[in-house]
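The sequence shown begins at 9 in my numbering and counts up by one.
Ideal placement from N, C-alpha and C gives every residue a C-beta, glycine not left out.
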Amino acid sequence: SSTAQAQALFDVNVFGVIRMTNAVLPTMRRQRSGRIVNLSSVLGLIPAPYSALYASTKHAIEGYSESLDHELRSFGIRVVLVEPAY
Numbered sequence: 009s010s011t012a013q014a015q016a017l018f019d020v021n022v023f024g025v026i027r028m029t030n031a032v033l034p035t036m037r038r039q040r041s042g043r044i045v046n047l048s049s050v051l052g053l054i055p056a057p058y059s060a061l062y063a064s065t066k067h068a069i070e071g072y073s074e075s076l077d078h079e080l081r082s083f084g085i086r087v088v089l090v091e092p093a094y
């Protein structure tokens, strides 16, 4: 995998999620309620051979979502993670 491929994968799978979250958070904070649903993968927990880049993006979403859930609870906002298997 090239660096450009890795950057493109992280841009969609990680930074896309962060950008969307940043777009909706101001309204959710004002309303003091909301639910953010992020899509990950079982590969974020149990990586498989030949999926290092993909698995690392999903692992990043795992950590981001779990940390953000703790940070936003006091605002009445929850972050949940969907982790489909293959």
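Check the C-beta distance from Ser73 over to Asn30 and give it rounded, since I have them as a contact under 8 Å.
-> Between Ser73 and Asn30 the beta-carbon gap is near 14 Å, outside 8 Å, which marks them as no contact.
Excluding sequence positions up to five away, which residues of its chain have a Cβ less than 6 Å from the Cβ of Arg37?
-> Within the same chain, Cβ atoms closer than 6 Å to the Cβ of Arg37 are found at Phe83, the five residues on either side in sequence being excluded.
Excluding the five sequence neighbours on either side, which residues of its own chain have a C-beta within less than 7 Å of the C-beta of Arg40, listed in chain order?
-> Counting only residues of its own chain and dropping the five nearest sequence neighbours on each side, Arg40 has a CB closer than 7 Å to the CB of Phe83 and Gly84.
Cβ distance (whole Å) where Ala63 is taken to contact Leu51 below 8 Å | Contact between Ala63 and Leu51 holds: their C-beta atoms lie close to 4 Å from each other, under 8 Å.
Have a look at the DSSP bridge pairing and note the partners of Asn46.
-> Answer by DSSP bridge pairing, in chain order: Leu89.
Whose C-beta lies closer than 8 Å to the C-beta of Arg86 among residues of the same chain, with five residues either side of it excluded?
-> Excluding sequence neighbours, Arg86 sits near Gly42, Arg43, Ile44, Asp77 and Leu80.
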